[in-house]
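Participant: Here it is, the structure, as structure tokens.
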């Protein structure tokens, strides 16, 4: 059997092996001893136990082969598998001091776990958790990115630890209030990228998105924020309730972001930008900083509610803004709702004309779930 590692340059060998899936690497390891020696370190860099049995097998292997522990940099635990016990996760994580990235259903409730993960940079959590359960993540010394689905805390801690290394925070399908969001942002003074996908329960006491509260929360990261994505959605224990209730789910609007002088990209629902009522009369150039180069408008609430903004009013606001923002603004994106036919083809055509007039690249998406199949104009 030819040992390809001895006949090919190292960079070629690494490139070939890096393109293989974990299953393929495992098969290749079993070809011969020479291949096993070359492939084993790469195989253990990325681990993905799929069931309780594979987790138990991994723990057994590491007990007998402690030399493999420093090789493990990335651990992915399947979100849909509930058989893997949290105790097994915590026991394994306490040994992985060289771990860089971690995907788990939930963060193990082990108060000392953070001390065992000095190199951990990225954490992705799949299941919804109370905000206070993630407090230990802000104490990780090397944390750079957190992605999670959060609810309001069961008990808000008196002191939230501050991290100066966190640069990316993605809150998916989260129901935490703007007040609690402010706690997280105040504890993240170096944050550059924020995704706030806010879901409101219409059966709860507060069934609105607070634009003023959101602006106040963003104040804590005004000097560092570069990428901001805001989403809004309503939900109810009874799905049909959302459609038929007469709701005004947006309180105020986001207002001025002039203080965010490094903000380059903004994705925001129309209702959050303009407010729910047309009486909110202001100039968009008083909202956005001069640093903004990418603006994307979305419609998270339009499928569930109606509001007073007409196509003509949206065009008037955007037209003035485009004219005054040239040449800073480079890209404009629009995600129209085609299911409920709120916006017509005339609006899309007018938006293209506005962008063409001012030299702004325009992308109008034809399906909310497809990023690639879009209309583009220069």
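Numbering (our numbering), first residue to last: 152 to 529.
Beta carbons: idealized from backbone N, C-alpha and C, even for Gly.
Note that the structure is a prediction, hence the values are computed from the model and not measured.
#1: Could you tell me whether the segment 289-299 touches the segment 322-338, where touching means 3 or more Cβ pairs closer than 8 Å?
#2: Which partner residues does residue 386 have in the DSSP bridge list?
#3: Any idea what DSSP makes of residue 213, helix, strand or coil?
#4: At the level of alpha carbons, what is the spacing between residue 510 and residue 474?
#5: Determine the direct distance from the alpha carbon of residue 366 to that of residue 334, and round the result to whole angstroms.
#6: Which term fits residue 360, buried or exposed, when burial requires 16 or more other beta carbons within 10 angstroms of its beta carbon?
#7: Out of 486, 281, 317, which has the shortest C-alpha to C-alpha gap to residue 308?
#8: Mind checking whether residue 277 and residue 304 have CB atoms under 8 Å apart?
#9: Within the continuous alpha helix (DSSP H) that includes residue 424, where are the two ends?
#10: Just to confirm my understanding: we take residue 513, look at its own chain, exclude 5 residues before and 5 after, and list those with CB closer than 6 Å. What are they?
#11: On the criterion of 16 or more Cβ atoms from any shown chain inside 10 Å, does residue 517 qualify as buried, or is it exposed?
#12: For residue 267, which residues in the same chain have their Cβ closer than 8 Å to its Cβ, ignoring the five residues on either side in sequence?
#13: Please go through the same chain and pick out, in chain order, the residues whose beta-carbon is closer than 7 Å to the beta-carbon of residue 265, but skip the five residues on each side of it.
#14: Where does residue 521 land, buried or exposed, given buried means 16+ other C-beta within 10 angstroms?
#15: For residue 404, collect the residues of the same chain with a Cβ closer than 7 Å to its Cβ; drop the 5 residues on either side in sequence, then sort them by chain order.
Facilitator: For this structure:
#1: yes
#2: 352
#3: helix
#4: 10 Å
#5: 13 Å
#6: buried
#7: 281
#8: no
#9: 421-425
#10: 483, 503, 506, 528
#11: exposed
#12: 244, 245, 246, 247, 248
#13: 287, 290, 291
#14: Only weak support is given to the placement of residue 521: the predicted model assigns it a pLDDT of 43, under 50, and the value that follows is read from those uncertain coordinates. Burial call: exposed.
#15: 362, 423, 424, 425, 426, 431
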